Amino acid sequence: MSDWAGLVWLVVLLAANAFFVGGEFAVISARRSQIEPLAERGSRAAKTALYAMEHATLMLATSQLGITICSLLILNVSEPAIHHLLEVPMHALGWDPAVISVSAFVITLALVSFLHVVFGEMVPKNLAFSIPDRAVLMLAPPLVWVSRVFRHIIWALNGIANGVLRLFGVEPKNEAASTFTLEEVATIVDRSRREGVLTDSSGAVAAAVEFTDKKARDIAVPLADLITLPETATPEDVERAVARYGFSRYVIVDDEQTPIGYVHLKDVLRAAEGPEPDEKISQPLPAKRIHHMLPVQEETDLEDALASMRRAGRHLAKVRDRSGATTAVLFLEDILEELVGEVQDATRRGHGR
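According to this note's numbering, the sequence shown holds residues 12 to 364 in order.
1. Beta strand (DSSP E) containing Q308: first to last residue?
2. If you draw a straight line from the C-alpha of H127 to the C-alpha of T73, how long is it?
3. Using 7 Å as the cut-off, classify the Cβ of Q294 as near or not near the heavy atoms of the ligand COA, replying yes or no.
4. What whole-angstrom Cβ distance do W20 and V88 have, given they're in contact under 8 Å?
5. Alpha carbon to alpha carbon, how far is I292 from R331? Give it in angstroms, no decimals.
6. Between which two residues does the alpha helix (DSSP H) harbouring F140 extend?
7. By Cβ distance, which residues of its chain are closer than 6 Å to M101, with the 5 residues on each side in sequence left out?
8. Grab me the residues of H11's own chain with a C-beta within less than 6 Å of its C-beta, minus the 5 sequence neighbours each way, in chain order.
9. So, does the stretch 130-146 touch the stretch 22-31, judging by three or more C-beta pairs under 8 Å?
10. Can you tell which of R300, D229, W166 and L296 has the C-alpha that lies nearest to the C-alpha of T68?
11. Can you give the Cα-Cα distance for I238 and V262, rounded to whole angstroms?
12. Look up L240 in the DSSP assignment and say whether it is helix, strand or coil.
13. Tell me, to the nearest whole angstrom, how far the beta carbon of A37 is from that of A115; I am working on the premise that it is less than 8 Å.
14. Among the candidates P306, M70 and D315, whose CA atom is the shortest distance from the CA of F161?
15. By the three-class DSSP mapping on this structure, what secondary structure does L104 have?
16. Smallest Cα separation from P143: which of H326, M304 and S44?
17. Quick one: what's got a C-beta closer than 7 Å to P48's C-beta in the same chain, skipping five residues either side?
18. Would you kindly work out how many angstroms separate the C-alpha atoms of L61 and I78, rounded to a whole number?
19. What does DSSP give as the partner residue(s) for T337 in the beta ladder?
20. Under 8 Å, do A235 and V340 count as touching if we go by C-beta distance?
21. Just the Cα atoms here: how many angstroms apart are V175 and R52?
22. Starting from the Cα of T338, find the closest Cα among W15, L347, I346 and A328 and give me that residue.
23. What do you reckon, are the CB atoms on A57 and L148 nearer than 8 Å?
24. Give the range of the alpha helix (DSSP H) segment to which V19 is assigned.
25. Applying the criterion that 16 or more other CB atoms from any shown protein chain within 10 Å of the CB defines a buried residue, is P270 buried or exposed?
26. Can you tell me the Cα-Cα spacing of L25 and G180, whole angstroms?
27. Go ahead and label A336 buried or exposed: buried means 16 or more other beta carbons lie within 10 angstroms of its beta carbon, across all protein chains shown.
28. Alpha carbon to alpha carbon, how far is E250 from A50?
29. With a 10 Å radius around its C-beta and 16 neighbouring C-beta atoms as the bar for buried, classify F125 as buried or exposed.
30. Please classify L347 as buried or exposed, where buried requires at least 16 neighbouring CB atoms within 10 angstroms.
31. So, at 7 Å on beta carbons, what are the nonlocal neighbours of L305 in its own chain, with the 5 sequence-adjacent residues on each side left out?
32. Looking at L168 and L76, is the spacing between their C-beta atoms short of 8 Å?
33. From which residue to which residue does the alpha helix (DSSP H) around V249 run?
34. On the three-state DSSP scale, how would you describe G180?
35. Per DSSP, what are the beta-bridge partners of V157 in this structure?
36. When you compare each of T245, K277, A252 and P241 to D266 by their alpha carbons, which one comes out closest?
Given below as structure tokens:
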């Protein structure tokens, strides 16, 4: 092989090495949320990119095999060519042949190492990190093609690597991670707002992020702050409470002031239905008109409490401490206000519970 052919092969191998490095980092850094819409619109490159992301360990094995082969060949084909080209000016300077041989080798090694690290490794890696979605759409199709051509070798190497992991008690994962932690989402939202990319004038986005970090005790109303009615309350008592406080729901307590349920304004209307309504509104509310409250623990995540209340069809929940004693009441309205802001009760005239 001529010296100039060796230099051409150096460029080709550096480009191939850069391709495998870029493909490796693009597959693990791209986000499915950006690629899936393109795949749904029929993009073949996006579909192939999704396949690569779903078979991440296979793609990494392909990339590592390619990088290893290119790295071994780069010095092997370039060292003789650059060595011979450097010997010419060194001989012209009258250097000793032993000095020329050592000097040419050291210069060749330093030059090839520089080109390999910068252009074969760092540039494609930084490029893939900077534009991961575009990079995976461009690099995934040829990377998948290479993996299929050498699939037998790659599957064998990948299987051996996974077997070693299992020996150490680690279960290999095949798909690249596509999720964010709560802290990462909060950071993304904060940075997007500061840079003007995200407009959150209502505060709904920030509230949704903070919502997942709250517990039931954080927004539950303590028993001492509640407006309650005794279990002997009549429809007339509920009507007077609505007229005075303006709330549509009231907690019912027993003789020890422990919540046993709640009543809604519409239950008063139902209780007065039928014959002799004047007599019924002065009698205690029937037990069937009092709704039971869902019990939740103080340490229950607010989003879990919301899900439980929705499943049970309850607007109020009694919050218990570790000993099982009821310490507060959680209102569905208050949970929703954490997400969307102030929610006004249709009958509300004042403030308080």
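Idealized CB from N, CA, C, for every residue including glycine. Here the structure is a predicted model, which is why all the values come from computation and not from measurement.
On the basis of the supplied data:
1. In the DSSP assignment, Q308 falls within the beta strand (DSSP E) that extends over L305 to Q308.
2. Spanning the two alpha carbons is a distance of roughly 19 Å.
3. Summarising the ligand content, the structure contains no ligands, and the ligand COA is consequently not present.
4. About 5 Å; that satisfies the 8 Å criterion.
5. The C-alpha of R331 lies about 33 Å from the C-alpha of I292.
6. V134 to S141 is the extent of the alpha helix (DSSP H) around F140.
7. So the qualifying residues of the chain are I111.
8. As displayed, the chain neither begins before 12 nor continues past 364, which places residue 11 out of reach and without an answer.
9. Result yes; three or more Cβ-Cβ pairs closer than 8 Å.
10. Checking every option, the nearest Cα to that of T68 belongs to W166.
11. C-alpha separation (whole angstroms): 7 Å.
12. Strand.
13. The C-beta distance from A37 to A115 rounds to 37 Å, too long to meet the 8 Å contact threshold.
14. Per the Cα distances, M70.
15. In the structure shown, L104 sits in coil (DSSP, three-state: anything other than H, G, I, E or B).
16. Per the Cα distances, S44.
17. Taking P48 as the centre and dropping the five residues before and after it, the same chain places no C-beta closer than 7 Å to its C-beta.
18. Take the alpha-carbon of L61 and the one of I78: they are about 22 Å apart.
19. Paired residue(s): R331.
20. No, the pair does not count as a contact, with Cβ atoms beyond the cut-off.
21. In a straight line, the C-alpha of V175 is about 40 Å away from that of R52.
22. For the residues W15, L347, I346 and A328, the minimum Cα distance to T338 belongs to A328.
23. Against a cut-off of 8 Å, the Cβ pair of L148 and A57 comes out as a contact.
24. Boundaries of the alpha helix (DSSP H) around V19: D14 to S40.
25. The residue in question, P270, is buried, as its Cβ has 16 or more Cβ neighbours within 10 Å.
26. Whole-angstrom Cα-Cα distance: 37 Å.
27. Exposed, by the Cβ-count rule.
28. Cα to Cα, E250 sits roughly 59 Å from A50.
29. F125 comes out exposed.
30. The residue is exposed, with fewer than 16 neighbouring Cβ atoms inside 10 Å.
31. The answer, listed in chain order, is S319, M320, A323, R325 and A328.
32. It is a contact, given that the beta carbons lie within the stated cut-off.
33. That run of the alpha helix (DSSP H) goes P246 to Y256.
34. In this structure, G180 counts as coil in the three-state DSSP scheme.
35. Per DSSP, none; premise fails for V157.
36. Measuring C-alpha to C-alpha distances from D266 to each of T245, K277, A252 and P241 identifies P241 as the nearest.
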